[in-house]
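Each remark here refers to the structure printed beneath this line.
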Amino acid sequence: RKEVEQDPGPFNVPEGATVAFNCTYSNSASQSFFWYRQDCRKEPKLLMSVYSSGNEDGRFTAQLNRASQYISLLIRDSKLSDSATYLCAVNGGGGYNKLIFGAGTRLAVHP
Amino acid sequence: DGGITQSPKYLFRKEGQNVTLSCEQNLNHDAMYWYRQDPGQGLRLIYYSQIVNDFQKGDIAEGYSVSREKKESFPLTVTSAQKNPTAFYLCASKKTETNTEAFFGQGTRLTVV
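Chains A and B, in that order, are what the protein sequence lines are.
Quick note on our numbering: the first sequence kicks off at -11 and runs consecutively.
Quick note on our numbering: the second sequence kicks off at -4 and runs consecutively.
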């Protein structure tokens, strides 16, 4: 079983849609969780950290469920500019500061 | 400006040759990472280092080697033992605290012919 698994993509949605991505992790000792955005042929950049209480940044909401070992990302009112690959990342499991990424979920927002 | 720099951006090598990818950061980060990304795939961890003169294997370390002689530098050598080395290689660094974000270099695209 992979340490971090994500929903397979791609997700093709119209502008204005709400889309949700899930990510599961296998190591219950994992300590920190993140969502990164990666544009085509570019390096990943942090979208948001994921806190136990859940957190929101504009149209983006991240949630953590430690009991079920998954994190989620909700994007509301999708924009064309949201088209990218979204990667979840988990830190601290299997070795202090071992930062593991999921395979990524590609989102395509169309007019 | 502070940041993390990978060089070169594109690299071509003949099969059977070792090649070293450079990664330098001036962010004063202790932890550094090397990932490999294949088309349409996520990031797979090759090696990581939490402190100078120490590093650990990631999930796909076979055919790769690293060194961490200086805090700022974490070069990756792709050896001839790596059976399919053509890929996009990304280096990242972060503070030691686990809840801090990792910053990435712009990556090196390695093509072995």
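By construction, the Cβ of each residue, glycine as well, lies at the ideal position given by its N, Cα and C atoms.
Contact set between residue i and chain B, taken where Cβ atoms lie within less than 7 Å
i                     : result
residue 22 of chain A : 96
Which of helix, strand or coil DSSP assigns to residue i
i                     : result
residue 22 of chain B : coil
residue 65 of chain A : coil
residue 45 of chain A : strand
residue 49 of chain B : strand
Nearest residue (CA-CA) to residue i, options the options
i                     : options                   : result
residue 47 of chain B : B:82, B:31 and B:64       : B:64
residue -7 of chain A : A:39, A:17 and A:59       : A:59
residue 70 of chain B : B:41, B:37, B:-3 and B:93 : B:41
Amino acids of chain B, ordered along the chain, whose beta-carbon sits closer than 9 Å to that of residue i
i                     : result
residue 67 of chain A : Result: empty, since nearest Cβ-Cβ is about 23 Å, beyond 9 Å.
Residue i burial status per 10 Å Cβ neighbour count (16 or more: buried)
i                      : result
residue 108 of chain B : exposed
residue 88 of chain B  : buried
residue 70 of chain A  : buried
residue 7 of chain B   : exposed
residue 68 of chain A  : exposed
residue 96 of chain B  : buried
residue 3 of chain A   : exposed
Neighbouring residues, chain A, relative to residue i (Cβ below 7 Å)
i                     : result
residue 85 of chain B : 31
residue 28 of chain B : 87
Interface partners of residue i on chain A, CB under 8 Å
i                     : result
residue 99 of chain B : 31, 32 and 33
residue 40 of chain B : 86, 87, 88 and 89
Interface partners of residue i on chain B, CB under 8 Å
i                     : result
residue 19 of chain A : 93 and 94
residue 84 of chain A : 45 and 93
residue 37 of chain A : 94 and 96
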